[in-house]
Ligand SMILES: C[S@@+](CC[C@H](N)C(=O)[O-])C[C@H]1O[C@@H](n2cnc3c(N)ncnc32)[C@H](O)[C@@H]1O
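Numbering (the numbering used here), first residue to last: 7 to 249.
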């Protein structure tokens, strides 16, 4: 169910990526393959426990606002499932029935979802629906193509084409569903492109709002008043809700 690198190259070509994009995506995968075993500790290093709890609450609150007794959630670029697992637990504590899918491009991240009651789905954020179709077709799976909520944490600045990711998210949202994205605000630390394999140096509130409104009808973006700390540098976080 979780592909190896040669299979991934074939899937990426099937998804229509040209050679340059395939190579860029493979570079991302290689970086995150090395990060996967340590991802939980990395998150704990970046964020204090109160911050982690706040992020989980922010996402759970957005899901609860839908007023549904059962929800199907897709976590795009779920990584090791650190937040996915906690959000699921928080919602279950509130009596919500939760079905959750962890979607990621890096095989070793997907392997970390095992035992967490999160269904792993290999795929590329810029092409969610087509990735799900490939995974279903290739592995005989039955992963749904629509979700009540799509979440994504600490990943948006890694995507090669963020606006395309928003369109790809919109296409897998149920009617009345929403996307909740939490990530880093714009900063000036160019060195993170090398040290953290960041593609973008975060996005400002205005950039996220603008991008959101080009794709969705509603966009609420605000700073969370929280930050993550990377190598002693503080980077602010935002929450974007699109519907
Ligand atoms: C910084 S980690 C964040 C993981 C997790 N959401 C968290 O909060 O800990 C970024 C994740 O994005 C994934 N990723 C990067 N580009 C991707 C893409 N185009 N499609 C799907 N996943 C991608 C990586 O494999 C990695 O697991």
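All C-beta atoms, glycine included, are put in the ideal place defined by N, C-alpha and C.
Less than 7 Å between the beta carbons of residue i and residue j, yes or no?
| i | j | result |
| --- | --- | --- |
| residue 188 | residue 122 | no |
| residue 110 | residue 83 | yes |
| residue 170 | residue 132 | yes |
| residue 108 | residue 163 | no |
| residue 12 | residue 114 | no |
| residue 96 | residue 66 | yes |
| residue 112 | residue 35 | yes |
| residue 218 | residue 229 | no |
| residue 52 | residue 234 | yes |
| residue 30 | residue 179 | no |
| residue 79 | residue 155 | yes |
| residue 185 | residue 224 | no |
| residue 45 | residue 86 | yes |
| residue 68 | residue 247 | yes |
| residue 221 | residue 191 | no |
| residue 118 | residue 27 | no |
| residue 116 | residue 8 | yes |
| residue 93 | residue 127 | no |
| residue 232 | residue 50 | no |
| residue 130 | residue 138 | no |
| residue 32 | residue 81 | no |
| residue 23 | residue 140 | no |
State the start and end residues of the unbroken alpha helix (DSSP H) segment that holds residue i.
| i | result |
| --- | --- |
| residue 90 | 88-99 |
| residue 125 | It is not in any alpha helix (DSSP H) - residue 125 instead sits in the beta strand (DSSP E) that spans 125-128. |
| residue 136 | 134-145 |
Check residue i in the structure and name its three-state DSSP category.
| i | result |
| --- | --- |
| residue 112 | coil |
| residue 74 | coil |
| residue 238 | coil |
| residue 195 | coil |
| residue 42 | helix |
| residue 222 | coil |
| residue 183 | strand |
| residue 247 | strand |
| residue 8 | coil |
| residue 24 | coil |
| residue 232 | strand |
| residue 165 | coil |
| residue 53 | coil |
| residue 188 | strand |
| residue 102 | coil |
| residue 227 | strand |
| residue 119 | coil |
| residue 159 | strand |
| residue 82 | strand |
| residue 47 | helix |
| residue 200 | helix |
Looking at the unbroken beta strand (DSSP E) that takes in residue i, where does it start and where does it end?
| i | result |
| --- | --- |
| residue 210 | Careful: residue 210 lies outside any beta strand (DSSP E) and carries neither H nor E. |
| residue 178 | That residue, residue 178, is in no beta strand (DSSP E); it is neither H nor E in DSSP. |
Could you check whether the Cβ of residue i sits closer than 6 Å to any heavy atom belonging to ligand 2?
| i | result |
| --- | --- |
| residue 104 | In the structure on display, ligand 2 does not appear, and the ligands it does have are ligand 1. |
Worksheet entry | Any heavy atom of ligand 1 nearer than 7 Å to the CB - residues listed | 31, 34, 35, 38, 45, 49, 81, 82, 83, 84, 85, 86, 88, 89, 109, 110, 111, 112, 115, 129, 130, 131, 132, 158, 159, 160, 161, 164, 165, 166
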